[in-house]
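Sequential numbering of the sequence shown, starting at 82, is according to the working numbering.
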Amino acid sequence: MFFPYKDDNPTYAFPWVTIAIILANIGVYAWQVLSPLSDLAIVSRFGAVPYALTSFEQIQPISPFATVFTSMFMHGGLFHLMGNMLYMWIFGDNIEDALGHGRFLLFYLLSGAVAVYGHAVTDPGSLIPLVGASGAVSGVLGAYLLLFPAARVSTLVFFGLFWVIQIPAVFVIGMWAVVQFVNGVASAAAGQQGGGVAWFAHIGGFLFGLLTIRFWLPSRIRR
Numbered sequence: 082m083f084f085p086y087k088d089d090n091p092t093y094a095f096p097w098v099t100i101a102i103i104l105a106n107i108g109v110y111a112w113q114v115l116s117p118l119s120d121l122a123i124v125s126r127f128g129a130v131p132y133a134l135t136s137f138e139q140i141q142p143i144s145p146f147a148t149v150f151t152s153m154f155m156h157g158g159l160f161h162l163m164g165n166m167l168y169m170w171i172f173g174d175n176i177e178d179a180l181g182h183g184r185f186l187l188f189y190l191l192s193g194a195v196a197v198y199g200h201a202v203t204d205p206g207s208l209i210p211l212v213g214a215s216g217a218v219s220g221v222l223g224a225y226l227l228l229f230p231a232a233r234v235s236t237l238v239f240f241g242l243f244w245v246i247q248i249p250a251v252f253v254i255g256m257w258a259v260v261q262f263v264n265g266v267a268s269a270a271a272g273q274q275g276g277g278v279a280w281f282a283h284i285g286g287f288l289f290g291l292l293t294i295r296f297w298l299p300s301r302i303r304r
């Protein structure tokens, strides 16, 4: 078991978009918890429902296309939120530094949108709402893997006792990616796409980040 908690990759600009996204996710989760509406009612209204996205049928108070973006700021529990925001904090600032604030925000949102549709097309008849920033954060991980594979990530590792070691990002993110692909294929083979972890959302966001990040880079960096 390993638990990354920071990297040694310096940045040169203040990551205000990364911080704003983290605060927005925390704020929305606080609203979920404190709202007089039940969590089920909130998720049903603002989560991304695969059937609505693929059939173009509006079965929620807002457009299904709007739920693509509302869903990526909602979470199913505190640990779901904490895990996503930890990875965003570790890896998001460097991608924001490479892209610039505006490009990074667009990249993050589009990664999340691709992730939502990555899940929807693999289970188009599902009425179970999808929530979470996992898909968008997966895009950040894919981008980081391509741009900074050798960056060292401080990681808490359990071998009888807890040890702190530095592991290359290619290993940390690579292991995460292998877990997503293996579980995605296994769930599809078992016909279990209808609920639980949206593995194909993670895969879709990750591949989008990995394959397109160079096109997002400013021309001076690309050269």
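The C-beta atom is built at its ideal place from N, Cα and C for all residues, glycine as well.
Taking the Cα of L104 as reference, the smallest distance to any Cα among A196, M169 and L242 is reached at M169. As DSSP reads the structure, V245 sits in a beta bridge with L237.
Exposed is the label assigned to M256, since fewer than 16 other Cβ atoms lie within 10 Å of its Cβ. Look at D204 here: in three-state DSSP terms it is coil, with no helix or strand label. Within 10 angstroms of the beta-carbon of G108 lie fewer than 16 other beta-carbons, which makes it exposed. Setting aside the 5 residues that flank it on each side, L292 is surrounded in the same chain by G223, each with a C-beta closer than 8 angstroms to its C-beta; the list follows chain order.
Beta-bridge partners assigned by DSSP to P85: T236. Here DSSP, grouped into helix, strand and coil, assigns A129 to strand.
Between the segment 203–222 and the segment 230–246 there are fewer than three inter-stretch CB-CB distances shorter than 8 angstroms, so the stretches are not counted as touching.
With a threshold of 16 other beta carbon atoms within 10 Å, G277 falls short and is exposed.
Spatial neighbours of M166 in its own chain (CB-CB distance under 8 angstroms, excluding positions within 5 residues in sequence) are listed in chain order as I103, N106, I107 and A214.
As the crow flies, the alpha-carbon of S119 is around 8 angstroms from that of Q113. Within 10 angstroms of the beta-carbon of D174 lie 16 or more other beta-carbons, which makes it buried. Here the alpha carbons of A282 and Q139 stand approximately 21 angstroms from one another. Counting other Cβ atoms within 10 Å of its Cβ, A111 stays below 16 and is therefore classed as exposed. Per the Cβ contact rule, the segment 238–245 is not in contact with the segment 152–160 (fewer than 3 Cβ pairs under 8 angstroms).
The beta carbon of L162 sits closer than 6 angstroms to those of Y110 and H156, all from its chain and outside the five residues before and after it, given in chain order. The shortest CA-to-CA distance from V212 to any of I143, A196, T236 and Y93 is the one to A196. Closest by C-alpha distance to I171, out of G216, D89 and A267, is D89.
For T293, the enclosing alpha helix (DSSP H) begins and ends at W280 to W297. Apart from sequence neighbours up to five positions away, the residues of its chain that approach K87 with a beta-carbon distance below 7 angstroms are I171 and S235, ordered along the chain.
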